[in-house]
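Residue numbers (the working numbering): 5 to 105.
Idealized CB from N, CA, C, for every residue including glycine.
In this text the structure is predicted, and so the values were computed from the model without any measurement.
This report refers to the structure that appears directly beneath it.
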DNA sequence: GACTTGACTAGAC
DNA sequence: AGTCTAGCCAAGT
């Protein structure tokens with residue numbers, strides 16, 4: 005998760021797959037309950053680009069703000085994955101998605 | 001050990 | 001494009 009570049013997002017399923025556990029997306033979410041500070045937890049969204057309700061302190065408002073600060077804009081409450089999804093630590097693209105800044 | 005729950009997902013309508 | 005369903009598997013009760 006720490007490898008997710010600024011201005012990009014990944015899904016729970018992706019992270020699970022990178023770790024070698026393709027069917028364990030829920031475990032990623034479970035693990036994030038104890039997410040140590042300093043990790044970009046806000047760059048993790050579900051497969052539809054939505055922010056989970058269980059998001060940390062306060063609400064998903066925090067996550068939305070953090071994402072927007074990185075240039076990840078939400079459309080209709082979702083991150084457009086076609087644009088901001090990160091393709092993984094091994095297949096990472098050279099150029100980040102276009103975002104203001 | 002048998003339910004229930006959950007920061008999920010792919011597929012069907 | 002939205003909503004529902006079945007599948008998932010570790011943790012909690």
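How big is the Cα-Cα spacing for residue i and residue j?
i          : j          : result
residue 88 : residue 13 : 6 Å
residue 19 : residue 44 : 13 Å
residue 78 : residue 72 : 8 Å
residue 49 : residue 40 : 17 Å
residue 9  : residue 90 : 8 Å
In three-state terms, what does DSSP make of residue i?
i           : result
residue 97  : Only weak support exists for where residue 97 lies, its pLDDT of 44 falling under 50; the value from the coordinates is given anyway. Residue 97 falls in the coil class under three-state DSSP.
residue 15  : strand
residue 82  : strand
residue 102 : Below a pLDDT of 50, predicted positions are generally treated as unreliable, and residue 102, at 43, falls in that range; no measurement from the model is reported.
Residue j and residue i - do their beta-carbons sit closer together than 8 Å?
i          : j          : result
residue 22 : residue 31 : no
residue 85 : residue 33 : no
Over the uninterrupted alpha helix (DSSP H) stretch that includes residue i, give me the two end residues.
i          : result
residue 29 : 29-35
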